[in-house]
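2 protein chains.
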Amino acid sequence: MNIGEIAKRSGVSRSTVSYALSGKRPVSEGTRRRIQAVIDELGYRPNAAARALKEGRTRTIGLVIPPASRRLTDVQLGFVASVVDAAARADLDILLSPSGGEHDRSFERVVTGSRVDGVILMEIRLEDERVTRLRQTGLPFVGIGHTSRPDEMTWVDIDYETLMARCVRHLADLGHRHIALVNRSAELVAAGYGPSHRAQLGFTEAVAERGLEGVEVCCADDAQAGRSCVERLLAAHPGLTAIATVNEAAIPGMYRALTDARLTVPGDFSVTGVSARHWAENLHPPLTAADILADELGAHAVDLLVRRIADPGLPHRHLLVAPPISLRETTGPARPRPGRP
Amino acid sequence: MNIGEIAKRSGVSRSTVSYALSGKRPVSEGTRRRIQAVIDELGYRPNAAARALKEGRTRTIGLVIPPASRRLTDVQLGFVASVVDAAARADLDILLSPSGGEHDRSFERVVTGSRVDGVILMEIRLEDERVTRLRQTGLPFVGIGHTSRPDEMTWVDIDYETLMARCVRHLADLGHRHIALVNRSAELVAAGYGPSHRAQLGFTEAVAERGLEGVEVCCADDAQAGRSCVERLLAAHPGLTAIATVNEAAIPGMYRALTDARLTVPGDFSVTGVSARHWAENLHPPLTAADILADELGAHAVDLLVRRIADPGLPHRHLLVAPPISLRETTGPARPRPGRP
DNA sequence: TTGTATGCGTTATCAG
DNA sequence: CTGATAACGCATACAA
């Protein structure tokens, strides 16, 4: 079924059908209706490939997510959902590319061969080959996250540095003097994952500023890791009374370790961090945390991308958000740990 | 950058470049290398739209997921991940369509206009307009889930009926006589959501078979709902000693309600159900459950789709899996509830 | 071993 | 207001 068939059956030329559809040229009401009738009857839809070939654009954007094998965190899922949602609202289709490392076939397919009009890139590292590649191709793209040279690209991101510093100050205000940062996995940190690095930065700064004792540990993104991580922390640091974390997936395990150690939250021990709101609210007890507004950020990324596609010469723009801490039920005044020497 | 440009710079014709790329015709080693050098230098990639137009296929499959606004369950996420993964392995791209109800623009775009070679459809209802629509278009598709007329389409699915019956029998074997089924949301059940209906069926059958007392309730897909649902259940049914559920998202809340009622699991009360393995294992305590092998099912769906695309005339095939119950730490011998009259 | 020519389905220009 | 026709970039049948 193609436009020629519609033209034949309506007794007009192909161009008339095309114009009747696009409205880019006046078509008499009578023929317009006749054409529409035939289209409805046959269920004709313009071929997307032919249109893309002719118009030079696909009305599709690429979304590069972490490899599917790695389980996505709630925050990441929130980004995906909001991007998908915003794209659908803008009548854009989404081509998904699960690609992490370099030389990924799926990634290459998406960024070359004119399959998409632009790309949204998630999980960006401080040094990220994909960013380099995207810049080479000249394809418009927007990062959710940014590299160590932020001016080179358009991005939206969460200000983990400020957020973590806020968490530390909040704990300090409650009298905590010995605090741990539970970061994401050692691999991620080693790979130069921006949020981890910036969380570290913010933690170190605020700890120094308030003259606290701070300890930093890495922890894999799952409950079991969170549990053993906190067990070790408690054993090694008897004076520790609070944890700040950016590892939401590990929090249930951290709670568990605390419970097992007969430490109540927030009575004996405080926990806070950065997390998706939905996740923080559904923990038991609900986590006092800076709530990441994934919806807003994803929608904004799509918006920036749409503009960049319309005018690739636009100067790069950046959006760094630092949501306030939502007080819930996991932070309280410091109290010396029971059984502490 | 197009094939003509490469041809010009290599001093050969366009067809020679094309054949050098596809290997469908012998090309002398010398010219092949010369062409490749130019391609590498300019970073040429064949235009996907032109190729799709010429070949009549896109090397892309559509994945229809529930609307992004609705939070996906762990099981659903597992399906998406495994489909994405399997498609990437088969060098297929994925066009994502978040669409639930009827007349969805995103859905229409994906299934018409030859944007994809085939579709994988998730969250199918007993009566599902999208299935009807897909059948009309003649586009190959595979369901993860199936309608009330299973022979009309190719699908893979989880045998919730058998699974739920198994859960009930397992509880009955442990001496439980009064059991509740916590289903998914009332909306979903009302909309004719297959898994919910089949779980209901299996529950009713097994309860009758073993002469038990059974009660069925619906519950929204979140922790809060699970909590209040179990609170109500405990108040209304003093003899209740076990729950079977297909609502994994509600389980943390269910645990909470049990704890609040001073009921230990599995000492005083048993819980079991159907869940993603990862989810069951990460609950505290880990849930005794039939583990849904999302990976396997998603990969299988892609495989079936690829075959259907290759030969649309193939007879419909179905895969109904019923994984065994993995014994973990939430079911034990029945014991009368404390404080029971 | 290579070159020429055609058509995939659209949109848009040019001509009536 | 409408029709004929030329691209868009590629793959391939046909010729050499």
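So the protein sequences, as listed, match chains B and H. Letter 71 of the first sequence, counting from 1, is numbered 71 in this note's numbering, and no numbers are missing. Letter 141 of the second sequence, counting from 1, is numbered 1141 in this note's numbering, and no numbers are missing. Note that beta-carbon positions come from the ideal geometry of N, C-alpha and C, so glycine has one too.
Residues of chain B with a Cβ closer than 8 Å to the Cβ of P1312(H) do not exist; the shortest Cβ-Cβ separation is about 16 Å. Shown here, I65(B) sits in a strand according to DSSP, grouped into three states.
Rounded to whole angstroms, Y19(B) and Y44(B) show a C-alpha spacing of 15 Å. Between P1066(H) and E1127(H), the C-beta gap is not smaller than 8 Å, which leaves the two residues out of contact. Among the bridge pairs identified by DSSP, Y193(B) is matched with R125(B).
Counting only Cβ-Cβ distances below 7 Å, S1114(H) has contacts in chain B at N47, A48 and A49, in chain order. Along the region 1268-1282 of chain H, the positions whose C-beta sits under 9 Å from a C-beta of chain B are H1278, E1281 and N1282, read in chain order. A check of alpha carbon separations from P1286(H) across R1262(H), P1252(H) and R1227(H) identifies P1252(H) as the nearest. With 16 or more other Cβ atoms from the protein chains shown falling within 10 Å of its own Cβ, A172(B) counts as buried.
For V1084(H), a Cβ of chain B is located within less than 8 Å of the residue's own Cβ. Around A68(B), the same chain offers P98 as residues with beta carbons nearer than 8 Å, after the five sequence neighbours per side are excluded. For the pair E161(B) and G298(B), the Cα-to-Cα distance works out to about 20 Å. A direct Cα-Cα distance of roughly 19 Å separates I144(B) from T137(B). DSSP links E1216(H) through a beta bridge to L1181(H). Residues are counted here when their Cβ sits less than 7 Å from a Cβ of chain H; for the region 90-102 of chain B these are D91, D93, I94, L95, L96 and P98, given in chain order.
Judged by DSSP secondary structure, A87(B) falls within the alpha helix (DSSP H) whose first and last residues are D74 to R89.
Under the Cβ distance rule, A1236(H) does not count among the residues neighbouring chain B, no pair being separated by less than 8 Å. By the Cβ-count criterion, R1025(H) is exposed, with fewer than 16 other Cβ atoms from all chains shown falling within 10 Å of its own Cβ. Contact note: P1252(H) reaches chain B through N282 and H284, using a C-beta cutoff of 8 Å and chain order. At the C-beta level, L212(B) and H178(B) come within 8 Å of one another.
Taking the CA atoms as reference points, A261(B) sits about 8 Å from E231(B). The residue among S326(B), C167(B), A190(B) and F141(B) with its C-alpha nearest the C-alpha of L181(B) is C167(B). Per DSSP, V168(B) lies in no beta strand (DSSP E); the unbroken alpha helix (DSSP H) holding it starts and ends at Y160 to D173. Interface flag for T58(B) against chain H is set, since a Cβ pair is found closer than 8 Å. T1241(H) sits in coil when the DSSP states are folded into three classes, being neither helix nor strand. For a Cβ distance threshold of 7 Å, nothing in chain H lies close to R317(B): the least Cβ distance comes to about 24 Å. Bridge pairing for L314(B): absent [DSSP]. Taking L234(B) as the centre and dropping the five residues before and after it, the same chain places the C-beta of A261 closer than 6 Å to its C-beta, in chain order.
By the Cβ test, the region 1322-1341 of chain H is in contact with the region 1280-1294 of chain H, since at least three Cβ pairs between them sit closer than 8 Å.
Taken in chain order, the complete alpha helix (DSSP H) segments of 4 or more residues contained in the region 248-304 of chain B are 251-260 and 277-282. Per DSSP, reduced to three states, the secondary structure at T58(B) is coil, with no helix or strand assignment. Put simply, the backbone Cα of V17(B) is about 13 Å away from that of D40(B). With its beta carbon less than 8 Å from one in chain H, S106(B) belongs to the interface.
Listed along the chain, the chain B residues whose CB falls inside 9 Å of the CB of R1256(H) are H284. The C-alpha of A1048(H) lies about 30 Å from the C-alpha of R317(B). For G1030(H), the enclosing alpha helix (DSSP H) begins and ends at E1029 to L1042.
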